[in-house]
Structures are given as C-alpha cells and as structure tokens.
Amino acid sequence: MRQAAIQNNFDWCRLICELNGCTVTETEDHWKATGDVPPLYPEMMVRAHQQQLDLTGVNSIKDCTASYDFSLAGLTHLFTAEWIVRPPILDRRALPPDWTVVTTSEEAARFFAFIETHDLPDTLFERTDVRLFFSDAQQTGFIAYSNGQTTGLSHLTSDYLDERLWDDIIRLSSAHFPGQPLVGYEYGDQLITALEAGFDDIGPLAVWIR
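Following this line, the structure appears as structure tokens:
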C-alpha cells in the first residue's frame with residue numbers, strides 16, 4: 000500500500016503545482032515541478048531507491064522512502080514522517096453532524112480561514128475529485144483528494160487531533176469517496192492519534208530543503 004499512498008501524493012502535489020501554473024514532468028521513479036512552485040510543495044518527489052538524480056536548481060525534495068542523504072548536495076533535512084493507511088468505513092448511516100463540505104465561495108472563505116494557506120486556489124471546491132471539510136464547532140478543517148484509487152487526507156488543522164476527530168475525518172472521507180482506502184502521512188503526536196484511530200504505519204518519508 001505504500002506505493003499507492005505515494006501515488007496519491009504524487010497526483011495531489013502535481014494537481015496543486017499545475018493549478019499554480021507549474022510544469023510537472025513525471026517518470027516511473029520521480030516527479031519534478033518547474034516554475035513558481037508553491038512554498039509548501041516539493042520541487043521534486045522521489046519514490047525509488049538508488050537513482051542518479053539531477054538536482055540542479057532543485058530547492059526542495061520529498062524522498063518518499065526516506066532512503067537518500069541529500070546533505071552532500073547542499074540540502075538540509077526538514078522532517079521525517081510516516082505514510083499511513085486504513086480501510087474506509089462502509090457504514091455511512093451516522094455521519095458527524097457538525098461538519099460542512101464546501102460547496103460555495105462563502106464556505107470556501109470560511110474553510111481557508113481555518114487552514115491558513117495561500118497555496119490553494121479559491122475554486123478548488125469545484126473539482127469532483129476534491130472535498131474541503133470544516134467544522135465551526137471543532138475549529139478545524141481538512142482536505143480529501145481522490146485519484147480514483149485511494150483518498151488522500153491533508154491539511155488537517157486542529158489544536159487537538161484526537162481519536163474522535165480522526166473518526167469524523169474517516170467517516171466523512173469514506174462517505175464522499177466510498178470504497179477507497181484512506182492514505183496520508185503524519186509525524187509526532189498526530190501520527191500517534193492516527194494510529195490509535197486505526198491507521199497503519201507503512202513506512203517513512205523525508206523532506207529536504209535548500
């Protein structure tokens with residue numbers, strides 16, 4: 000499942016970079032964006048071991064298997080995280096009531112106030128493969144993205160990402176993209192609560208910046 004999680008993240012990062020006007024080239028082993036790459040997105044993603052990589056002009060790399068040492072190329076290790084996956088919930092009869100799925104520009108503005116990012120277009124909610132969720136009651140939001148095979152979870156924002164909140168996220172994502180495994184990556188306390196909520200840790204990734 001790790002390669003499926005990586006592919007979802009490849010596809011998500013490609014989507015956001017292209018929506019920001021970047022050119023993205025992808026091979027079986029790596030992915031590279033050129034142009035005005037958004038600050039929180041990598042210029043290169045690598046998913047295979049032992050490649051000869053051209054890092055000329057590359058300022059940020061997501062090493063999807065945490066198997067490279069890019070320090071000799073002048074990059075600094077930013078963080079290591081763990082890919083996570085869990086099955087979807089099939090019973091959708093009792094969805095959490097205090098959440099909104101964004102369907103209007105006004106709701107989008109409320110959502111972006113929670114996640115505080117300028118990398119995403121205001122019209123992202125119009126896409127059929129993306130869902131933006133927020134909860135006024137819990138003062139939090141997140142994004143679910145489907146590439147047709149898996150549902151990637153990102154931009155989880157909360158002062159407390161506990162097991163109950165993860166349960167809401169799982170139920171909402173499973174309802175909107177039924178039957179697809181849920182994937183993403185986390186570290187620290189958020190990884191611990193994700194594992195407590197039924198996710199499995201399926202391997203590390205590392206992010207490097209220049």
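Numbering-wise (numbering that gives the first Met the number 0), the sequence shown opens with residue 0 and increments by one. Glycine is no exception: its CB is placed at the ideal position from the N, C-alpha and C atoms. Just so it is clear, the structure is predicted and the values come from calculations on it, not from any experiment.
Residue i versus the options, residue with shortest Cα-Cα distance
i    : options                  : result
W82  : G183, R209 and T33       : G183
F132 : W165, G147 and F78       : W165
A174 : D62, E125, K61 and S145  : S145
T103 : F69, D90, R126 and C12   : R126
L54  : E185, K31 and E17        : K31
F9   : R130, L152, L190 and M44 : M44
G178 : V23, D97 and D90         : D90
V97  : S134, R13, L194 and R163 : Rather than Val, the amino acid found at residue 97 in this sequence is Asp. Checking every option, the nearest Cα to that of D97 belongs to S134.
R13  : A112, D118 and S157      : D118
A136 : G56, F110 and F69        : F110
Distance CB(residue i)-CB(residue j) smaller than 8 Å
i    : j    : result
A3   : L204 : no
R85  : T64  : no
P120 : P180 : no
R209 : G20  : no
T192 : D161 : yes
E11  : G151 : Note on identity: in this sequence residue 11 is Trp, with Glu being the wrong assignment. Their beta carbons are under 8 Å apart, which means W11 touches G151 by this criterion.
P50  : D28  : The question names Pro, but residue 50 is Gln in the sequence shown. Their beta carbons are under 8 Å apart, which means Q50 touches D28 by this criterion.
V206 : F78  : yes
L123 : L171 : no
DSSP bridge partner residues for residue i (one or two, in chain order)
i    : result
I60  : M43 and W207
A143 : R130 and L152
T217 : No answer is possible for residue 217: the residues shown for the chain start at 0 and end at 209.
L119 : Paired residues: none, contrary to the question.
V84  : V182 and D199
For residue j and residue i, believed in contact at Cβ under 8 Å, the rounded distance
i    : j    : result
A196 : I169 : 7 Å
G147 : R1   : No, G147 and R1 are not in contact; Cβ-Cβ is about 18 Å, not under 8 Å.
P41  : I60  : 6 Å
F141 : L155 : 5 Å
T149 : N7   : 5 Å
Below-8 Å beta-carbon distance, residue i vs any chain B residue
i    : result
T102 : The structure shown contains no chain B; it is built from a single protein chain.
- Quick one: which unbroken alpha helix (DSSP H) runs of 4-plus residues sit fully inside the segment 162-206? Chain order, please. 162-175 and 187-195
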